[in-house]
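Visitor: Got a structure here, written out as structure tokens. Questions coming.
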Amino acid sequence: MNKNRFFKLSKAVFSLLLISGILFSCKTTDVESKKFFTHKSKHNELQIVLLGDVMAHTGNFIMKDYDIIWDGIRDLTSTSDFTFANIEAPVSNDIPFMNYPNFNMQYSYPQAAINAGVNVMTVANNHTNDQFEAGIKSTYKWTKEIEAKYKDTQRPVYFSGLKENVTSLKDAAKSPCSYAYFEKNGIKILFFGATQILNTPSCNQMINFFPGTEEGRQNLITTVKNLKSKHPCDVFILGLHCEEPEYVLEISKTQKKLYKELLDSGVDILWANHPHTPKPIEWITDPKDGKLKKIIFYANGNTISSQRYRPNFNNPASMREYTGDGFLVQLQLIKTQNGIVIENAKLNFITNIVDENNNILIKKLNKDLYDQLDSSGNSQLKNYLKKREELLKQIEGTLPWL
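The sequence shown begins at 461 in my numbering and counts up by one.
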């Protein structure tokens with residue numbers, strides 16, 4: 461792929477990146493409920509949603525009802541064909557909920573995300589081995605139980621991020637990486653979750669881990685090429701937990717180079733995360749017909765966390781304030797004779813707010829939220845979030861390849 465394929469965002473593309481204007485709230489605790497899954501796409505078409513990091517700090521997991529976390533965006537996450545998220549912690553019912561630096565989620569927390577429609581997840585990130593071998597094996601067990609539970613439902617659930625065999629460290633070292641390969645509406649999707657960074661080297665044999673070294677980057681490229689060769693697909697989505705500093709908006713030249721090589725190796729949608737701050741999105745067209753064909757998400761930020769539990773009202777532009785906002789991106793994938801075309805791209809800004817009962821909730825950052833805050837007399841938070849929206853728009857308009 462030549463560098464000139466990385467185009468400047470035109471007014472036409474910007475017109476697609478509209479902030480959703482509907483604040484929809486509903487609740488479910490029925491894991492098999494279908495009433496929210498109302499979207500029906502056509503043959504050769506798919507609607508997908510890409511989120512960011514799903515985290516569970518103390519402020520999140522002490523909540524009594526995890527389903528309400530998602531009510532503010534459930535209308536988007538549950539009506540897509542596939543909604544993608546990064547589960548940033550081990551998942552084990554044998555270990556209590558744990559906060560930073562060694563996270564653990566019990567099943568009930570990510571189950572709320574699944575209830576809200578999240579059905580494609582990567583579990584490869586720098587916290588995957590926070591609970592060492594026991595935590596990885598428990599996470600693996602959870603993924604297999606969830607896949608089996610939803611296999612024959614209207615909304616199957618898929619995972620990638622751990623090795624296919626984690627019975628022991630010795631077995632894992634010989635095991636290939638896991639991936640998800642699935643089809644809907646005549647469109648085949650290959651999904652691969654991997655991480656370039658771990659907080660500790662412990663048990664890295666059990667994880668789809670490609671260190672941020674030259675050798676690690678080349679191994680990742682080779683793995684991507686082999687997966688694409690062995691599993692012909694219409695869309696290859698790579699969920700990559702990238703080796704970049706946290707809480708930084710800039711993108712390194714090393715990562716830019718790697719991402720270009722990964723797209724050249726067969727990736728269509730490169731969905732990176734880790735910085736806990738939203739970063740620019742790169743929209744890539746085919747020079748022959750001008751159609752949108754590939755995308756790089758440099759980071760969608762946090763979807764849910766409590767890293768911004770107490771907003772800095774005096775300095776909304778502080779880097780830490782970015783941890784409370786994220787991107788929710790909707791895409792329509794259309795299969796044509798010339799391959800997949802991406803249409804109706806829609807960028808939604810989302811934010812985390814703390815309600816009067818200290819629940820941390822995901823909300824769309826839009827006029828409806830501001831009106832709601834006005835009616836409750838919370839003008840301080842409204843003004844703060846308006847400034848946050850202005851700052852997010854500056855990220856949206858940043859073109860890292862220019």
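Glycine included, every Cβ here is placed at the ideal spot set by N, Cα and C.
Specify the secondary structure class of Lys495 as computed by DSSP and reduced to three states.
Guide: For Lys495, the pLDDT reaches just 39, beneath the cut-off of 50, and the residue's location in the model is therefore unreliable, leaving the point undetermined.
Visitor: Within the continuous beta strand (DSSP E) that includes Phe544, where are the two ends?
Guide: Note, Phe544: beta strand (DSSP E), Phe542 to Ile547.
Visitor: In the structure shown, what three-state DSSP assignment does Asp554 receive?
Guide: Residue state, collapsed to three classes: coil.
Visitor: Report the three-state DSSP secondary structure of Ser620 (helix, strand or coil).
Guide: In this structure, Ser620 counts as strand in the three-state DSSP scheme.
Visitor: Measuring only the C-alpha atoms, how far is Lys495 from Val578?
Guide: Annotation note: pLDDT 39 at Lys495 (below 50); position unreliable, no value reported.
Visitor: Terminal residues of the continuous beta strand (DSSP E) containing Leu852?
Guide: Careful: Leu852 lies outside any beta strand (DSSP E), inside the alpha helix (DSSP H) at Ser839 to Glu856.
Visitor: Can you name the start and end residues of the beta strand (DSSP E) that Ala640 belongs to?
Guide: Taken as a continuous stretch (DSSP letters only), the beta strand (DSSP E) holding Ala640 covers Ala640 to Lys644.
Visitor: Quick one: is Ser839 buried, meaning 16 or more other Cβ sit within 10 Å of its Cβ, or exposed?
Guide: Result: exposed.
Visitor: Following the continuous alpha helix (DSSP H) through Phe592, name the residue where it begins and the one where it ends.
Guide: It spans Phe592 to Tyr610 - the alpha helix (DSSP H) in which Phe592 sits, taken as one unbroken run.
Visitor: Drop a sphere of 10 angstroms on the beta-carbon of Ser766, count the other beta-carbons inside from all chains shown, and report buried for 16 or more, exposed for fewer.
Guide: Classification of Ser766: buried, given that the 10 Å Cβ count is 16 or more.
Visitor: What are the partner residues of Ile820, as DSSP defines its beta bridges?
Guide: According to DSSP, Ile820 bridges with Val814.
Visitor: For a test of the three-state rule: what should DSSP assign to Lys739, helix, strand or coil?
Guide: Lys739 falls in the coil class under three-state DSSP.
Visitor: By a C-beta neighbour count over all protein chains shown, 10 Å radius and 16 as the cutoff for buried, is His734 buried or exposed?
Guide: Burial call: buried.
Visitor: DSSP three-state call for Thr537: helix, strand or coil?
Guide: Residue state, collapsed to three classes: helix.
Visitor: Assuming Phe670 contacts Ala654 under a Cβ cut-off of 8 Å, what Cβ separation, rounded to an integer in Å, is found between them?
Guide: So it is a contact: roughly 6 Å between Cβ atoms.
Visitor: Considering Leu825, what are the terminal residues of the alpha helix (DSSP H) in which it resides?
Guide: Counting along the chain, Leu825 falls outside any alpha helix (DSSP H), and DSSP gives it neither H nor E.
Visitor: For Asn804, which of Leu791, Ala572 and Glu816 has the nearest alpha-carbon?
Guide: Measuring from the Cα of Asn804, the nearest candidate turns out to be Leu791.
Visitor: To the nearest angstrom, how far is it from the Cα of Thr498 to the Cα of Leu845?
Guide: Model confidence at Thr498 stands at a pLDDT of 46, short of 50, so the residue's coordinates are unreliable and nothing is read from them.
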